[in-house]
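*Asks:* Take this structure, written in structure tokens, and hold onto it; I'll ask about it next.
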Amino acid sequence: MKKLLGILIILLLLAGATLLVLHIWGITLLNRADLFRSIYTLLIVGVSLTVLIIAYFFFFNNEEKGYDMSGEGRAKPKL
Numbered sequence: 241m242k243k244l245l246g247i248l249i250i251l252l253l254l255a256g257a258t259l260l261v262l263h264i265w266g267i268t269l270l271n272r273a274d275l276f277r278s279i280y281t282l283l284i285v286g287v288s289l290t291v292l293i294i295a296y297f298f299f300f301n302n303e304e305k306g307y308d309m310s311g312e313g314r315a316k317p318k319l
């Protein structure tokens, strides 16, 4: 998950740098309104995904699964 997040951040930085260079040269691929709509859409998707992940672990976490730590040595899966 950490690598995936790092790759996404790097891709966003490269895309931003590319748009900045194109803006310097006067090439417009996106206007400001489209760019803000895209950013808002990504923020909404990110927040929704975060809420869904939290809700999944809150409602569907099975407490009975896990490891039995009561014995000696290595922990053994609960049956």
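If you're matching positions, the sequence shown starts at 241 in the working numbering and goes up one per residue. We put the beta carbon where it would ideally sit given N, CA and C, even for glycine. Please read all numbers here as calculations on a predicted model, not as lab measurements.
Following the continuous alpha helix (DSSP H) through Leu222, name the residue where it begins and the one where it ends.
*Replies:* Outside the displayed span of the chain (241 to 319) sits residue 222, for which this structure offers no information.
*Asks:* Could you check where the alpha helix (DSSP H) with Leu251 kicks off and where it finishes?
*Replies:* Lys242 to Ile264
*Asks:* In chain order, what residues of the same chain have a beta carbon less than 7 Å from the beta carbon of Thr281, not counting five sequence neighbours either side?
*Replies:* none
*Asks:* Just the C-alpha distance for His263 and Phe297, rounded to the nearest angstrom, thanks.
*Replies:* 43 Å
*Asks:* Is Leu259 near Leu270, with beta carbons less than 8 Å apart?
*Replies:* yes
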